[in-house]
Amino acid sequence: MLHSFLAKFAPLFKKAFDPKIRLMKILVCISKTPDTTSKIAFTDGNKKFDENGVQFIINPYDEWYALVRALELTENGQGQCTIITVGGADCEPVIRKALAIGADEAVRVDATAGDAGYVAAQIAEYARGKGFDIIMTGKETIDYNGGIVGGMVAEMLGLPYVSLVTKLDVSGGTATLVRDIQGGEEVLEVTGPFVLSAAKGMAEQRIPNMRGIMAARTKPLNVVAPAAVDNATEVVVYELPPAKQGCKYIDPANAAELIQLLHSEAKVI
Amino acid sequence: MNILVFAESAEGKIIKSGLEAISYGAKTAGSPVTVVTSGPLNGDGGAGAAGAAKVMVASGVNGSDSGQVSKLIVAAAKSTGADIIVLSHDNTGKLAGPRVAAALGAGLVAGAIALPDTSNGFVVKKNVFSGKAFAHVRINTATKVVAVLPNALGVSAGGGAAAVESFAGDFGTAGVRVKEVKKESTGGMVPLPEAEMVVSGGRGLKGPENWGMIEELAKELGATTACSRPVADIGWRPHHEHVGQTGIAIRPNLYIAVGISGAIQHLAGVNGSKVIVVVNNDKEAPFFKAADYGIIGDAFEVVPKLVEAMKAHNANK
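Structure, rendered in structure tokens:
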């Protein structure tokens, strides 16, 4: 018992008393998004997303990849993981879930999330001067599909930014990352604080356990007031794609007919 | 409006997504536009034909460094007085676009799928909810950035040669160091994000040894092969072939899905395809609801017939 206790906390003691080793501080930006299986509909003359009956989750890229990798790098006394979201009190269930998965503390910027520039400015404002080694976002949210916030936060804070990161290791103040590029991937190194967006591969999904869920209730959730920022963009109207004409079925015994149809009817070959 | 397009180049040529951005810029302006690239180019690198009047070629920019690429674009925008910056929403655009917008105090639409509508402000249409809906987004700032979704709008042809000049400036120090670049071999196939035709296989194919017929059909069509997430996760196919919400989102003219049930996460990555064909032995497979053409049948009987029919089709061309 004592042995396992020491094994678990030895790195913490070592780091706490070794002036050369600093605990890593990671900020993970999370967004509340509709569950991937949600029915997408709009109200108010197609100006507003219809939240009726929609289950909200942590944006999967933020949770599965960014948050879980941040936890792997900070838990067992290696550092501290803070999560931040911009939104109203209705974000608290997803914040508590992030804490249940293992984040140490949470910050909610108390504002209706505006466009990506608005959200980025709030996060940059909070993070400025707090000494985060890494700021992480998911590669994009599954609702607005922008992938903008991380790069803007980096610009606002004057930090390097690496997008679409599929692997991250940190050793002695230098991070080694694998980034998706057109037609392949590249290995990069960054020394000092930076911002990244996380894609598939960074980590595996983690299901919160009962202990995590209980602990999440008492972890700190700081609600901070927003900075005054203007939105640069606004959604004028949403539109649903036209319904598919319906599937035209072809007899499997006469599968060759498909090639004819693709040529003469669909005109794609 | 004064438009500047950023287009990436490789091996002396502007890449396809860059040509799409140039075409978008020229159509928006109604005349050929100025382009900036981190070069080097052979001639104009194909930029003129797509709609460039002039290409400014910089050197010494680390294309993997978001800071240097965005400083290049911002410097070019300042030197040309551009108020609209167009780039691709490809991997490099995703890296640099947000920085450019933040540096210029500009609104950014990431993933434009139509030319801007300027009848009431500057409104750009984009995909939202992973392709399940569209949003028309108005940019209210004086300077605007538009990142064009790859494979959405095509490349113009027929423009004249563009003037090429070098562009010098201070693009800062890179914050990242590139240690290694690994290009995936696609075996001579067009890379998935650029492919006009894709043949994709799922768990219904029962094992990696059965992919021969998928590859053969792809070869006859001139298509690229892809797969569903479970197939990549169990290692039947390489991860770079995985299309879907967490893999690559594609928008080919033709997507043929064999033995894929069509989970909503898979559909999110392929629902931009113009024509979808589904081959599945389960008539209840949800993919049929999203398909244009369906064959309810055994893939091992159907696909060889399609290969034969394609061979005959190609012979008669």
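Sequence order for the protein chains is A and B. Residues in the first sequence are numbered from 990 upward in steps of one, following this note's numbering. Residues in the second sequence are numbered from 701 upward in steps of one, following this note's numbering. The C-beta atom is built at its ideal place from N, Cα and C for all residues, glycine as well. From a predicted model like this one, the values you see are computed outputs, not experimental measurements.
C-alpha distance - residue i paired with residue j, whole-angstrom precision
i	j	result
His940 of chain B	Ala1214 of chain A	43 Å
Lys1021 of chain A	His789 of chain B	23 Å
Glu916 of chain B	Gly994 of chain B	20 Å
Gly821 of chain B	Gly805 of chain B	18 Å
Pro816 of chain B	Val824 of chain B	5 Å
Ala868 of chain B	Ala758 of chain B	6 Å
Leu954 of chain B	Lys1256 of chain A	10 Å
Ile934 of chain B	Ser1027 of chain A	27 Å
Ala1109 of chain A	Ala801 of chain B	12 Å
Glu896 of chain B	Pro908 of chain B	24 Å
Asn1220 of chain A	Lys1017 of chain B	55 Å
Gly767 of chain B	Lys1011 of chain B	50 Å
Leu795 of chain B	Val1151 of chain A	7 Å
Asn1048 of chain A	Asn742 of chain B	43 Å
His942 of chain B	Ala852 of chain B	20 Å
Chain B within 9 Å of residue i, Cβ atoms only
i	result
Cys1236 of chain A	yes
Gly1076 of chain A	no
Tyr1050 of chain A	yes
Phe1045 of chain A	no
Glu1040 of chain A	no
Lys1189 of chain A	yes
Ile1131 of chain A	yes
Glu1228 of chain A	yes
Thr1101 of chain A	no
Leu1157 of chain A	no
Val1213 of chain A	no
Tyr1150 of chain A	yes
Val1138 of chain A	yes
Thr1165 of chain A	yes
Gly1091 of chain A	no
Top-ranked residue by Cα proximity to residue i, from the options
i	options	result
Leu1153 of chain A	A:Gln1194, A:Gly1136 and A:Ile1084	A:Gly1136
Gln1044 of chain A	A:Pro1023, A:Leu1056, A:Thr1063 and A:Ala1055	A:Pro1023
Tyr1054 of chain A	A:Ile1202, A:Gly1190, A:Glu1223 and A:Val1225	A:Gly1190
Ile948 of chain B	B:Ile934, B:Gly972, B:Ser961 and B:Asn910	B:Gly972
Tyr799 of chain B	A:Ala1113, A:Ala1102, A:Val1075 and A:Ala1217	Correcting the residue identity first, residue 799 of chain B is Arg in this sequence and not Tyr. Among A:Ala1113, A:Ala1102, A:Val1075 and A:Ala1217, the Cα nearest to that of Arg799 of chain B is on A:Ala1113.
Pro938 of chain B	B:Lys794, B:Ala861, B:Val837 and B:Thr886	B:Thr886
Ser1253 of chain A	B:His1013, B:Phe871 and B:Glu884	B:His1013
Asp1132 of chain A	A:Leu1251, A:Ile1046, A:Glu1061 and A:Ala1192	A:Ile1046
Val786 of chain B	B:Ala926, B:Trp936 and B:Val733	B:Val733
Leu1037 of chain A	B:Gly997, B:Val705, B:Ala835 and B:Gly781	Checking the sequence, you will find Lys at residue 1037 of chain A rather than Leu. Looking at the Cα atoms, B:Ala835 is the closest of the given residues.
Gly1161 of chain A	A:Leu1062, A:Asn1048 and A:Pro1049	A:Leu1062
Cβ of residue i within 9 Å of any chain A Cβ
i	result
Met897 of chain B	yes
Ile995 of chain B	yes
Ser961 of chain B	no
Val970 of chain B	no
Ser900 of chain B	no
Gly760 of chain B	no
Ala707 of chain B	no
Val1018 of chain B	Outside the shown range of chain B, which is 701 to 1017, sits residue 1018 of chain B, and nothing can be said about it.
Supposed close pair residue i, residue j - CB separation, criterion 8 Å
i	j	result
Glu1174 of chain A	Lys882 of chain B	5 Å
Gly969 of chain B	Gly944 of chain B	4 Å
Gly797 of chain B	Ala847 of chain B	5 Å
Val958 of chain B	Thr924 of chain B	14 Å between Cβ atoms; not a contact.
Ile1170 of chain A	Lys832 of chain B	Rounded, the Cβ-Cβ distance is 28 Å, inconsistent with contact.
Val1226 of chain A	Asn1035 of chain A	5 Å
Thr737 of chain B	Ala707 of chain B	5 Å
Ala750 of chain B	Ser709 of chain B	Between Ser709 of chain B and Ala750 of chain B the Cβ distance is about 12 Å, and since that is not below 8 Å, they are no contact.
Trp911 of chain B	Gly901 of chain B	6 Å
Gly725 of chain B	Ile703 of chain B	5 Å
Val755 of chain B	Val735 of chain B	5 Å
Ile839 of chain B	Gly807 of chain B	4 Å
Lys713 of chain B	Gly748 of chain B	At roughly 12 Å, the Cβ-Cβ gap does not stay under 8 Å, so Lys713 of chain B and Gly748 of chain B are not in contact.
Ala1090 of chain A	Arg1195 of chain A	Per the sequence shown, residue 1090 of chain A should be read as Ile rather than Ala. The Cβ separation is near 5 Å, so the contact holds.
Glu1193 of chain A	Val1057 of chain A	7 Å
For the pair the stretch 1237-1250 of chain A and the stretch 1147-1160 of chain A, tell me if three or more CB-CB distances fall below 8 Å.
no
Segment contact flag, the stretch 1079-1089 of chain A with the stretch 1170-1184 of chain A, C-beta cutoff 8 Å, min 3 pairs:
no
Touch test, the stretch 910-924 of chain B against the stretch 1004-1014 of chain B, Cβ-Cβ under 8 Å, three pairs minimum:
yes
Would you check if the stretch 1183-1198 of chain A and the stretch 1124-1144 of chain A touch, i.e. whether three or more CB-CB distances between them fall below 8 Å?
yes
For the 8 Å Cβ check, are there 3 or more pairs between the stretch 767-776 of chain B and the stretch 1068-1077 of chain A?
no
contact_flag[the stretch 979-999 of chain B, the stretch 1228-1237 of chain A] where n(CB pairs < 8 Å) is 3 or more:
yes
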